Amino acid sequence: MPSLRLHRVLVAASVLMPLGLFAAAAAHNRADVLRQGEAAVVRTVTVMDEHARKVFETGELLLGRVDDRIRGMGWDEIASPAMNDFLAGLIAPLEQVVSIWVTDAQGMVRAGSQVWDPSMSIAGREFFQVQREANAGPFVSASFLGRATRVPSFALSQRRSTEDGHFDGIVHISLSPEYFTRYYASSTPEVALVAALLRADGAVLARVPEQEPAPTRLPPDSRLLRQFAAQSAGGSFLGVTAPDGVERAYAYRRVGNYPLYVALGVDKAALLQRWRGNMVLFGAVSGAASFMLLLVSWLALRGVQAERAAMGRLRAALENLRRETRQREAAEQRVRQAQKMEAVGQLTGGIAHDFNNLLTAVLGSLQLLRKRLPAGDERATRLLENAFQGAQRGASLTQRLLAFSRGQALRPAAVDLVELVRGMSDLLRSSLGTGVKVETKFPLGLAPAHVDANQLELALLNLAMNARDAMGGQGGGQGGSQGQLTIFAREERVQEGGELPEGHYVVLGVTDNGVGMDEATLARCVEPFFTTKGIGKGTGLGLSMVYGLAAQSNGRLVLRSRLGEGTTAELWLPRAQPAAPALPEPSASEAARPRPEGFGRRTVMVVDDDPLVLASTGSMLEDVGHAVVEASSGRQALEILRAGAKVDMVLTDQVMPGMTGVQLGAELRRLWPGLPVLLGTGYAERAELLGSGLPLLAKPFQQAELVAAVEACLGRAEPVPGAGRTVVPFRPVGG
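Our numbering applies: residue 2 is where the sequence shown begins, and numbers increase by one.
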């Protein structure tokens, strides 16, 4: 009977169709949940990489500061109690540093931040032997137990050499693996995972969760080690790397230029936990649809109602799938936006380089013109000073632009908040637009804050830009009224038992009359990449950067906001301790005085592809009595020297066509080993410059800075025979 056959088909379809839909939805959702989980692991590893990079860059700064402090000292002076006190005070605020030591060429500890046995030798330590054999740069050792501190550590070491290049001991700091494990435990998702800091050779420096006995090295057949070799910059994969046989989603990333990696693995079962919850929901939907279809086949009179209900539930399930698809597309759009911001940062650095060249020529020419200006011409003097101040302000703006194109470690110091905000007034006005009224409220005698001034400027600019957007772009508060931005400061004292350590604090705040935030947004607004702005209007990192600066400065960020009532952001920063007055730096006129007897007239070769910078630099050197030989490229400079020109030193630009300054310096060292080379640059890759070993002169520079840098470079070398007494008559055509 046709009706019976049709009924059987409907019954079969009521079972098979929901099962098929359920299987398809389950497979699609499982793949999507895994992709999102793997993306979250990659983002977390990026945060771990930024943290580790800052720790090791801070360590390099400590090593450099100690090396600068003891340079030129004898071992008796280095081994003084005052040096031990200096080292102890240097690491006191750094919880990641266990200790810091200065060791002579025999491996005997001569100065340190801890009490130690004077007969103790570290000649057998890995990091000492490596630096003794050759200059390994900043070298990271495997983990060990400190003999003086009795604390598990690993070392970041730097070689010390005598003036003739012989090994003269090392300076090293001991870093705490526990500091990294605490950070990983607090910043990684609360699921089953493995987080680690590793050397490229597989040595384990820090690991969460900790194991007994603690693993010291990955096995040679570890998949992570194979991935390090295959994709050295970083990557991700899904697989099994540990003897426990657990499948995990792994991501790893190389820490800057160090032979170190951060790695994170999250159990696949934990990633699929949300998928299992979705399957319960999908199963309920599929079961309900099956039940309704069965009712249609058995209860023909109610078929229409049952069909409508099933179709409604099916549309709801499809809408959920569409919503998840839109969320995935939005995530991809955020990635593209982040890549665009990175490209903008590179473009900003390139533009700043060109402006630095222009400002070098402008500042140098203005300084020389000021010396030659007839006495008594007040109008001309005033115009010249205006031009000079404008060029200096341009140089300051260029430095702010460069801050967006590279990360910097914090350099906290005593900062006058009133002067800092006053110095940013032009930048704030140009960034906020004419539709925002800016008001400042500062008490008299406000104490300085202990913070990195450059990073605080960037944080304040981020808060101001967020306030501008909340007030309607270029101005306009609630109801179309003018935007009102108030920058204020006050002093506070925190008693024992509060969220912050007991002590005195300086509070810098920003208040706006914008749209405000609800409780849900306020709870998430400091999360990385969280933003309520449209695509292309924000990266979601502004408040995260401000929050991180406050935490790194031993303070906190306090946010208060209500919908329709605006937002107040307060940065609580430690009050700076009174400091001894700094010695005045030499003025431009003092730097340009005749050289002391014995220094003499020297011949300096200046190499730069920009004719304005070339002419300006040469004029500033000739103005203080030096002879100058000009070259417009690295190859032309080599041709002049091969032709027999005698010079005492070479000052070269970095970014030039054909041959960079670093490449020219390497060739000069090979051909003329004793010839000093000074590298002038406005913008370039830091890794390339740090690896060159050449002294640096930052553009734009004034005459005093130029002369000081040249004399410092010349002071480390003997005069070249036949040079430094007459101007070399060779000047190439077109140079």
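Cβ coordinates follow ideal geometry from the N, Cα and C atoms, glycine included. If you're wondering where the values come from, they're calculated on a predicted model, not measured in any experiment.
Tell me the DSSP bridge mates of residue i?
| i | result |
| --- | --- |
| histidine 173 | Trp102 and Ser158 |
| proline 575 | Tyr506 |
| arginine 255 | Tyr262 |
| serine 545 | Serine 545 is not bridged to any residue. |
| arginine 218 | Ala204 |
| leucine 226 | In DSSP, leucine 226 forms no bridge with anything. |
| serine 562 | Thr568 |
| aspartate 268 | Arg249 |
| glycine 235 | Arg254 |
| glycine 1 | The structure shown does not extend to residue 1, since the chain is modelled only from 2 through 736, so no value can be given for it. |
| arginine 557 | Trp573 |
| valine 416 | Ala450 |
| threonine 512 | Thr487 and Thr569 |
| leucine 698 | Gly681 |
Flag this pair as yes or no: are the beta carbons of residue i and residue j separated by less than 8 Å?
| i | j | result |
| --- | --- | --- |
| alanine 252 | valine 43 | yes |
| arginine 249 | aspartate 268 | yes |
| valine 808 | threonine 618 | Residue 808 lies beyond the residue range present for the chain, which begins at 2 and ends at 736; the question has no answer from this structure. |
| arginine 602 | alanine 628 | yes |
| glutamate 571 | serine 545 | no |
| threonine 189 | alanine 196 | yes |
| threonine 182 | valine 209 | yes |
| valine 416 | leucine 360 | no |
| glycine 391 | glutamine 704 | no |
| alanine 471 | threonine 568 | yes |
| glutamate 492 | histidine 505 | yes |
| alanine 112 | isoleucine 79 | yes |
| valine 507 | leucine 486 | no |
| valine 663 | leucine 695 | yes |
| alanine 186 | alanine 271 | no |
| arginine 636 | glycine 666 | no |
| leucine 462 | leucine 501 | no |
| arginine 160 | alanine 137 | yes |
| glutamate 39 | serine 237 | yes |
| proline 701 | asparagine 387 | no |
| methionine 657 | aspartate 610 | yes |
| alanine 381 | alanine 414 | no |
| tryptophan 673 | leucine 639 | no |
| alanine 26 | leucine 322 | yes |
Kindly give me the distance between the Cβ atoms of residue i and residue j, rounded to whole angstroms, as I take these residues to be in contact under 8 Å.
| i | j | result |
| --- | --- | --- |
| leucine 523 | leucine 550 | About 19 Å; that fails the 8 Å criterion. |
| threonine 682 | alanine 699 | 7 Å |
| alanine 490 | leucine 418 | 5 Å |
| phenylalanine 128 | serine 158 | 4 Å |
| isoleucine 488 | valine 422 | 6 Å |
| leucine 95 | threonine 59 | 7 Å |
| leucine 369 | serine 81 | Actually they do not touch by this definition, with Cβ atoms about 46 Å apart. |
| tryptophan 573 | arginine 557 | 5 Å |
| leucine 219 | valine 46 | Not quite, the Cβ-Cβ distance comes to about 17 Å (not below 8 Å), so this is no contact. |
| serine 233 | arginine 200 | Incorrect: roughly 13 Å between the Cβ atoms, too far for contact. |
| leucine 367 | leucine 384 | Not really, about 11 Å apart at Cβ, beyond 8 Å. |
| glycine 235 | phenylalanine 57 | Not quite, the Cβ-Cβ distance comes to about 16 Å (not below 8 Å), so this is no contact. |
| alanine 746 | histidine 451 | Only positions 2 to 736 of the chain appear in this structure, which leaves residue 746 out of reach. |
| alanine 468 | aspartate 513 | 4 Å |
| arginine 126 | phenylalanine 168 | Between phenylalanine 168 and arginine 126 the Cβ distance is about 15 Å, and since that is not below 8 Å, they are no contact. |
| methionine 121 | valine 131 | Methionine 121 to valine 131, Cβ: 19 Å. No contact. |
Using a Cβ-Cβ cut-off of 8 Å, state whether residue i counts as contacting chain B.
| i | result |
| --- | --- |
| valine 559 | Absent here is chain B; the protein component of the structure consists of one chain. |
Is the stretch 444-456 touching the stretch 511-524, taking contact as three or more C-beta pairs under 8 Å? no
At a cut of 8 Å, does the stretch 258-265 reach the stretch 52-68 through at least three beta carbon pairs? They touch, by the three-pair rule.
Specify whether the stretch 671-678 and the stretch 642-651 touch according to this definition: at least 3 beta carbon pairs, one from each stretch, less than 8 Å apart. Contact between the stretch 671-678 and the stretch 642-651 is present, because at least three Cβ pairs lie under 8 Å.
Evaluate contact between the stretch 137-154 and the stretch 199-219, counting only Cβ atoms and requiring at least three cross-stretch pairs below 8 Å. yes
Is the stretch 28-36 in contact with the stretch 269-287, if contact means three or more CB pairs nearer than 8 Å? Yes: at least three Cβ pairs fall under 8 Å.
Inter-stretch contact at 8 Å, needing at least 3 Cβ pairs: the stretch 111-131 / the stretch 145-161: By the criterion of at least three beta-carbon pairs nearer than 8 Å, the stretch 111-131 is in contact with the stretch 145-161.
contact_flag[the stretch 94-114, the stretch 170-178] where n(CB pairs < 8 Å) is 3 or more: yes
In chain order, what are the residue ranges of uninterrupted beta strand (DSSP E) at least 3 long that sit wholly in the stretch 109-162? 110-113 and 153-162
Those runs of the beta strand (DSSP E) which lie wholly inside the stretch 652-694 and span at least 3 residues: 678-682, all fully within the stretch 652-694.
Which runs of the beta strand (DSSP E), 3 residues or longer, sit entirely within the stretch 434-501? Fully enclosed beta strand (DSSP E) runs of 3 or longer: 437-442, 450-452 and 484-495.
Quick check on the DSSP output: what are the complete alpha helix (DSSP H) runs of length 4 or more inside the stretch 596-654, in order along the chain? The qualifying runs are 612-624 and 635-643.
Would you mind listing the alpha helix (DSSP H) stretches within the stretch 173-216 that are 4+ residues and don't spill past its ends, in chain order? Listed in chain order, they are 178-188.
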